[in-house]
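Per my numbering: the sequence shown ends with 156, consecutive numbering throughout.
Backbone N, C-alpha and C fix where the C-beta goes; we use that ideal spot for every residue, glycine too.
Since the structure is predicted, the reported quantities are computational estimates derived from the model, not experimental observations.
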Amino acid sequence: MRRLRININKLFPAAAYRVKILDGLKRSWASVVGPALVRHSFPCNLGVDEITVAVDDKNAANMITRMKGNITRALTSRWSYNVNEKFSVKIIIGAPKQTKRREIEPKKIIEVKVDEEKVNEYMKNAPAGLPEDINFAISHLRVFMEARRKICLKA
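So this is what it looks like as C-alpha cells:
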C-alpha cells in the first residue's frame with residue numbers, strides 16, 4: 002500500500018509555523034526559564050493566544066506563571082511570534098515528562114500535486130462569511146483528496 006504525504010505547511014501555514022516555534026522553544030527552554038525550572042517543566046503546546054506548559058509540581062507552576070514576560074520576550078525576539086495582550090500561560094500540573102518522538106521512516110511516499118487553479122476556483126465558490134485561511138485550508142484539502150483518490154484508483 003502506498004503512503005501519501007500531506008504538506009501541512011501549505012494546508013495550515015500558521016499552525017505549522019507555531020509547531021516550528023514550539024520545537025525551537027523546547028530546545029532552548031533552559032535559556033528561557035533557567036536550569037532549575039527546566040528539570041520540572043516543558044512547553045507542550047503553542048496556541049494562537051496561549052502557551053501550555055507542563056510542570057511536575059505547584060512550586061514550578063507558580064514560578065512559570067511569573068515568567069510570562071520571559072516567555073513572551075523569547076517568542077517575540079527569537080521567533081518573531083506575534084504576542085498580543087490576550088496571550089496567556091496555561092499550566093498543566095502532574096503531566097508526564099517530555100518524551101522524544103520516535104522517528105518512523107515511511108516505506109514509500111508518493112507526493113500528491115495540488116492544482117492551485119482548482120484551489121482558487123473552490124475558494125471563489127465558498128460561502129461568503131468563511132474566513133480566508135479556513136477557506137484556503139478546506140479548498141486545498143478538497144483538491145488534495147481528489148488528486149489522492151485518482152492516484153489510489155490507478156494503483
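query = Tell me the DSSP bridge mates of S42?
reply = Your numbering for residue 42 matches position 41 in the sequence shown. Partner(s): V56.
key: Residue span of the alpha helix (DSSP H) that contains V120, given as start and end   = Stepping through the sequence shown from its first residue, residue 120 is reached at position 119. E117 to K125 is the span of the alpha helix (DSSP H), which, as asked, contains V120.
request  = Spatial neighbours of C45 within its chain, please: CB distance less than 6 Å, with the 5 preceding and 5 following residues excluded, ordered by chain position.
outcome  = Counting from 1 along the sequence shown, the entry for residue 45 is found at position 44. Hits under 6 Å: T53 and A55.
key: Start and end residues, alpha helix (DSSP H) containing K11   = Counting from one through the sequence shown, the residue named residue 11 turns up at place 10. It spans I9 to L12 - the alpha helix (DSSP H) in which K11 sits, taken as one unbroken run.
request  = Decide yes or no for the touch test of the region 118–134 against the region 72–88: beta carbon pairs closer than 8 Å, at least 3 of them.
outcome  = In short, these stretches do not touch, since the Cβ pair count stays below three.
inquiry  = Looking at the strands, I want to know which residues DSSP matches up with S89.
reply    = As a first step, residue 89 is located in the sequence shown; it is residue number 88 there, counting from the start. Partner(s): E51.
query = Can you name the residues that DSSP bridges to I65?
reply = As a working note, residue 65 is residue 64 in the sequence shown. The partner list for I65 (beta bridge, DSSP) is empty, contrary to what the question assumes.
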